[in-house]
Amino acid sequence: MTSTVTPGASAEQQAEIDRYLGTYREMAGFVPPRIQARFDRLARTNPELLLAQEKVRNLVTYTDALDQKTVQLILFAVLSVQLRDAAKIHGHAARRAGASWEELQAAIDLAYLFGGVSIANHAPAILDGVAELETKAAAEEGAIR
């Protein structure tokens, strides 16, 4: 049996990959570790899939119909209902896009309507995680300057 060796991203694909990585840095101030790992692996093994994933993500995330603060608040609430740790990244992104702590609390309160007491119980840790990411992003952005 023969195996197919994928040489990795071409120079053109790598430029597009770097542009997509930049959208995460703009959104969060850093590239979240799991996202970086996905980029690293797929850039080597299946850059076309990586680019397809990111094209779809960007099509729905960067829409003219909603501003980024609203997009990030919606993602924050959806991920909070699911008790996903990525909620804190999108809460942080909402803050970077201009959301107040009161708006984050209102979004997580809406999540409570569909997730119940578990969401209310996790809310303080989620919001603490957002604050930690703000500190991390500020440190990383300060190191880059």
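Read left to right, the sequence shown gives residues 27 to 171 (this note's numbering). The beta-carbon is built from N, C-alpha and C at its ideal position, and this holds for glycine as well. In this text the structure is predicted, and so the values were computed from the model without any measurement.
Distance check between Ala-41 and each of Gly-55, Phe-56, Phe-65, Arg-60 places Phe-65 closest, using alpha-carbon atoms only. Inclusion of Ala-35 and Pro-73 in the CB contact set at 8 Å is warranted, their separation being smaller than that value. CA-CA distance, Ala-120 to Leu-130, rounds to 8 Å. Apart from sequence neighbours up to five positions away, the residues of its chain that approach Ile-61 with a beta-carbon distance below 8 Å are Tyr-50, ordered along the chain. In this structure Gly-48 does not touch Ala-163 by the C-beta definition: roughly 15 Å separates them, more than the 8 Å allowed. Annotated three-state conformation of Tyr-46 is helix, per DSSP. When the beta-carbon positions are compared, Gly-141 and Val-104 stay at least 8 Å from each other. If you look at Asp-90, you'll find it isn't in any alpha helix (DSSP H); DSSP assigns it neither H nor E.
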